[in-house]
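In UniProt numbering, the protein residues as written are 1 to 544.
Next up, the structure:
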């Protein structure tokens with residue numbers, strides 16, 4: 001099925017020379033597949049639409065055009081390419097005759113030149129190598145001590161405790177030949193006083209919920225291995241030792257910092273003594289997603305979370321990993337938790353940081369941290385769009401004639417789910433979602449306003465997709481297997497209408513010799529944790 005959300009390839013005569021550095025790949029044959037020798041020079045899927053007069057929107061915008069790119073671009077051929085247009089994906093120079101070009105110029109730094117794309121690749125790989133060799137790096141490259149995936153011999157019942165927010169889950173997974181055949185799950189709430197109190201009170205409550213869950217199922221006399229998804233920054237010393245570095249979100253139990261989360265949970269379970277639950281592994285949701293993906297496709301070697309936050313992990317050759325505190329047993333591979341949300345915290349990505357990004361960072365709870373996450377994750381994309389729209393409004397480029405739309409000037413008022421809704425308009429060639437989103441801010445937009453807002457959402461979303469694709473392409477090259485499956489979970493990836501399409505089209509251009517597939521692997525933090533417990537149990541039995 002032809003996909004028209006992103007322009008396809010490509011210039012027949014000289015694909016390397018004639019890619020347009022301002023937009024997505026230029027095209028002469030829309031349906032032609034990308035040449036494996038082709039370089040991705042740069043990106044933005046935004047193209048031209050007809051001139052319009054400023055007028056109030058009275059109906060959906062439905063235009064499908066093939067237009068010429070009319071802007072000279074440095075470092076590429078002067079040959080003008082053509083781009084297939086879907087809906088309102090529009091270059092503002094032609095669609096907004098008054099301010100379009102000036103707005104494009106203001107957002108120009110959100111587009112990447114060929115050199116910038118390559119530099120991001122190089123910097124990411126360099127930071128990975130430094131991190132894995134225990135040199136200073138913005139990438140933690142944490143050894144998870146998960147050296148294998150499921151092998152089909154796993155039998156029995158396993159528990160998972162998924163802790164990452166004000167609500168948490170306890171899950172029971174029963175396996176037969178490595179395949180889940182039964183699942184039981186229950187959700188619990190953690191009160192604010194427990195989240196900011198003592199570690200003993202918090203972990204006693206967690207143990208109480210786990211034990212009550214087990215007793216309700218009548219399994220109190222059954223030995224149950226448990227995988228603990230602990231979604232907070234930690235330093236992992238073994239598969240079942242993870243030291244808390246710092247609390248995040250709404251948690252702050254000071255006496256738990258620098259303590260082993262597994263030890264705290266084990267001690268709480270021992271104080272009760274009414275079940276035979278045994279904590280055998282600690283992990284984060286990204287590792288769980290990779291392991292969960294392996295039950296769907298045995299070629300899974302990368303786990304990706306793209307939701308409120310973002311992170312990735314992958315299968316690394318064990319002989320490359322220097323941080324290994326336990327005895328080695330001939331492991332060939334191990335899952336490495338990259339912790340890529342912090343990529344660039346040391347300044348190595350400052351060359352792509354715009355003034356909009358700096359303001360987005362300044363509005364965040366933790367300034368100068370989680371740099372990469374602020375470019376790509378659901379927690380920050382909406383705010384980045386809002387920052388840009390607020391600036392354009394203050395400078396007189398947007399919502400002209402409206403009373404000052406004060407709501408859009410307030411940090412945190414525009415969420416990423418609204419960005420996804422607006423992007424759906426770009427897919428459909430409509431405007432209803434955009435108009436509805438702006439009405440939440442008491443704004444009645446004209447047609448030009450709609451195009452500008454859609455343009456901003458598209459630029460920000462597309463940059464996020466490209467950044468994710470660049471890093472995934474580096475991982476594919478590093479893993480260097482014949483075929484790699486990427487297991488993905490996260491609300492932004494699931495609900496944004498274009499991210500998956502862009503990522504699937506960018507990766508082959510960035511890693512043309514590496515075959516890959518993307519699958520949805522939901523609930524890595526729950527099912528994945530129980531599966532890691534099964535792996536941990538199998539490994540321990542082998543050693544014993």
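We treat Cβ as the ideally placed atom computed from N, Cα and C, and that holds for glycine.
1. Rounded to the nearest angstrom, how far is the Cβ of residue 547 from that of residue 306, given a contact under 8 Å?
2. Determine the burial state of residue 328: buried for a count of at least 16 other Cβ atoms within 10 Å of its Cβ, exposed for fewer.
3. Given that a residue counts as buried once 16 or more other Cβ atoms are within 10 Å of its Cβ, and exposed if not, what is residue 153?
4. By how many angstroms is the C-alpha of residue 213 removed from the C-alpha of residue 159?
5. Measure the Cβ-Cβ separation of residue 308 and residue 491 and say whether it is below 9 Å.
6. Within 10 angstroms of the Cβ of residue 326, are there 16 or more other Cβ atoms? Answer buried if so, exposed if not.
7. Cα-Cα, which of 235, 277, 274, 250 is closest to residue 261?
8. Just to confirm, is the Cβ distance from residue 229 to residue 303 under 9 Å?
9. Expressed to the nearest angstrom, what Euclidean distance is found between the alpha-carbon atoms of residue 395 and residue 434?
10. Tell me the rounded alpha-carbon separation between residue 165 and residue 248.
11. Express the C-alpha separation of residue 156 and residue 174 in angstroms, rounding to a whole number.
12. Put residue 228 into one of helix, strand or coil per three-state DSSP.
13. Using DSSP bridges, identify the partner residues of residue 182.
14. Given a threshold of 16 other Cβ atoms within 10 Å of its Cβ, counted over all protein chains shown, does residue 440 qualify as buried or as exposed?
15. How should residue 554 be labelled, buried or exposed, when 16 other C-beta atoms within 10 angstroms of its C-beta is the threshold for buried?
16. Can you look up residue 444 in the DSSP assignment and give me helix, strand or coil?
17. Can you tell me whether DSSP reads residue 168 as helix, strand or coil?
18. Which same chain residues, not among the five before or five after residue 386, have their C-beta less than 7 Å away from its C-beta?
19. Give me the Cβ distance between residue 110 and residue 478, rounded to the nearest whole Å; I'm assuming they're in contact under 8 Å.
20. Taking buried to mean at least 16 other C-beta atoms within 10 Å of its own C-beta, is residue 254 buried or exposed?
21. What residue does the beta strand (DSSP E) around residue 160 start on, and which one ends it?
22. Looking only at its chain, what residues have a beta carbon closer than 8 Å to the beta carbon of residue 466, apart from the 5 residues adjacent to it on each side?
23. Should the stretch 512–526 be called in touch with the stretch 277–293, which here means at least 3 C-beta pairs below 8 Å?
24. Find out if the Cβ-Cβ distance for the pair residue 345, residue 364 is shorter than 9 Å.
25. Shortest alpha-carbon distance to residue 336 belongs to which of 201, 373, 376, 322?
26. Taking all protein chains shown into account, do 16 or more other C-beta atoms lie within 10 angstroms of the C-beta of residue 246, making it buried, or fewer, making it exposed?
27. Going by C-alpha to C-alpha distance, which of 452, 195, 341, 427 sits closest to residue 438?
28. Can you list, in chain order, the residues of its chain with a C-beta nearer than 8 Å to that of residue 482? Leave out the 5 residues immediately preceding and following it.
29. Excluding sequence positions up to five away, which residues of its chain have a Cβ less than 7 Å from the Cβ of residue 418?
30. Do you know how far the Cα of residue 500 is from the Cα of residue 58?
31. May I have a chain-ordered list of the beta strand (DSSP E) segments no shorter than 3 residues that lie completely inside the stretch 189–257?
32. Using C-beta distances below 8 Å, list every residue in its chain close to residue 333, excluding the 5 sequence neighbours before and after it, in chain order.
33. From 195, 429, 240, 184, pick the residue whose C-alpha is nearest to that of residue 218; which is it?
34. At what residues does the alpha helix (DSSP H) containing residue 357 begin and finish?
According to the structure data:
1. Residue 547 lies beyond the range of the chain shown here (1 to 544); nothing can be said about it.
2. exposed
3. exposed
4. 10 Å
5. yes
6. exposed
7. 235
8. no
9. 21 Å
10. 9 Å
11. 5 Å
12. strand
13. 174
14. exposed
15. There is simply no residue 554 to check, as the chain begins at 1 and stops at 544 in what is shown.
16. coil
17. strand
18. 408, 413, 414
19. At roughly 27 Å, the Cβ-Cβ gap does not stay under 8 Å, so residue 110 and residue 478 are not in contact.
20. exposed
21. 156–163
22. 43, 112, 117, 502, 506
23. yes
24. no
25. 322
26. exposed
27. 452
28. 515
29. 382, 437
30. Any reading at residue 58 needs caution, since the residue's pLDDT is 37, under 50, leaving its predicted position unreliable; the model's value is listed next. Straight-line Cα distance between these residues: approximately 31 Å.
31. 224–230, 234–238, 241–244
32. 147, 148, 315, 316, 317, 318
33. 184
34. 355–362
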